[in-house]
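First comes the structure, then the notes that go with it.
Number of protein chains: 2
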Amino acid sequence: MFSKACEYGIKASIYIALQSLQDKRVSLKEIAEEINSPVAFTAKILHQLAKNDILDSVKGPAGGFQIEKDNVEKLKLSHVVFAIDGDSIYSGCGLGLEKCNEKQPCPLHDKFVIIRNELKQMLEETSLLDLTSGLDLGITFLKR
Amino acid sequence: MFSKACEYGIKASIYIALQSLQDKRVSLKEIAEEINSPVAFTAKILHQLAKNDILDSVKGPAGGFQIEKDNVEKLKLSHVVFAIDGDSIYSGCGLGLEKCNEKQPCPLHDKFVIIRNELKQMLEETSLLDLTSGLDLGITFLKR
DNA sequence: TTTAATTCGGATAAATTTGTCCGAATTAAA
DNA sequence: TTTAATTCGGACAAATTTATCCGAATTAAA
Ligand code: SF4
Ligand code: SF4
């Protein structure tokens, strides 16, 4: 479904969002621990999210990553996914014909597009804030 | 979404199904041409589908692949996908926690499972026969 | 029986994704 | 000003997926 990089990116964003709600800036090391991901690889992904204005990063001691409080609600999963995996979810298709072309659809097109659109809609309407609440209550998890 | 191998497997199955309805057995070479896929790689995939009783294969001159007419309607996309990608569609999940565990769900679980189930249902109720009709009429395509 | 067409199946190679390493740049605090 | 903590960023390595190659096995037809 999503690439590994994207999975890490989503988990990291959720964790950072949760901490940001309490005005805490978190370090790469802490994030990687909390989401159980390889540190150096996670660094690249966070960097990419920072470049895309999804995260705010600060170097130096007491540095780390944070999300503006206002943005925790405004940022949707679709933003995170797009920053890492690009538009593959929107254009990437069931049978991988070179370019999607509604005029020359593959046999699966109609049925596939329905699912793809629901996924798209779900990503676009789910904010980071939505995903933090369960975590905070201890009923959802980012690692086991 | 699906692996490349799976995409080729689906396209090949649809093409073979279409020809099988006219009692035609088709060769690897012809299939690869019709679905625009690398020949040798396609061979492995067809082989795997044959081992899983989705295709019937015959060696030697005038050999090739075919699907029993009765099976064209009985075979669902889910069978093809399962033979190649395994149960990743059923168990593979939004954030890739090691094992899916409803008791310790990731934050995305509820929203993700809805989509995953719809995909699953679509694959389980779509037969190869369903996918051949448009092809036959020239309104859907396996390559461009 | 010989030949040729074909799938079978293993070894290997190329491409992509995932992951590691390490030094440079930045910055807060000592 | 020095030190140490941190992100930045490029080079590299490992793992996985995708793809190629080639000989063996099978089988229909010449
Ligand atoms: S025709 Fe439909 S399923 Fe095929 S590539 Fe385009 S959108 Fe995807
Ligand atoms: S908790 Fe839900 S989304 Fe997470 S791995 Fe399990 S099924 Fe998938």
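The listed protein sequences derive, respectively, from chains C and D. Residue numbers for the first sequence follow our numbering, beginning at 1 and rising by one. Residue numbers for the second sequence follow our numbering, beginning at 1 and rising by one. Backbone N, C-alpha and C fix where the C-beta goes; we use that ideal spot for every residue, glycine too. Computed from a predicted model, the values in this text were never measured in an experiment.
Please classify residue i: is it buried, with 16 or more other beta-carbons within 10 angstroms of its beta-carbon, or exposed?
i: R144(C); result: exposed
i: I139(C); result: exposed
i: Q22(C); result: exposed
i: E34(D); result: buried
i: I114(D); result: exposed
i: L137(D); result: exposed
i: N71(D); result: buried
i: E102(D); result: exposed
i: E7(D); result: buried
i: Q121(D); result: exposed
i: V80(D); result: buried
i: P38(D); result: exposed
i: A83(C); result: buried
i: V58(D); result: exposed
i: P105(D); result: buried
i: F41(D); result: exposed
i: P107(C); result: buried
i: S91(D); result: exposed
i: S180(C); result: Here chain C comprises residues numbered 1 to 144, so residue 180(C) is not present and cannot be evaluated.
i: G86(C); result: exposed
i: K29(D); result: exposed
i: A62(D); result: exposed
i: S145(D); result: Outside the displayed range of chain D (1 to 144) lies residue 145(D), so it cannot be described from this structure.
i: S133(D); result: exposed
i: G9(D); result: buried
i: K69(C); result: exposed
i: K11(C); result: buried
i: G60(D); result: exposed
So is the beta-carbon of residue i under 8 Å away from any non-hydrogen atom of ligand 2?
i: P38(D); result: no
i: C6(C); result: no
i: L95(D); result: yes
i: H47(C); result: no
Helix, strand or coil: which one does DSSP assign to residue i?
i: Q22(D); result: coil
i: D110(D); result: helix
i: S133(C); result: helix
i: S127(D); result: strand
i: R144(D); result: coil
i: Q104(D); result: coil
i: S3(C); result: coil
i: I139(C); result: coil
i: L119(D); result: helix
Is any non-hydrogen atom of ligand 1 found closer than 8 Å to the C-beta of residue i, if you look at the structure I gave you?
i: V113(C); result: yes
i: N101(C); result: yes
i: C106(C); result: yes
i: H109(D); result: no
Margin query: So within the segment 10-84 of chain D, which uninterrupted beta strand (DSSP E) runs reach at least 3 residues, ignoring any that extend past its ends?
Written below: Runs found: 56-58, 64-66.
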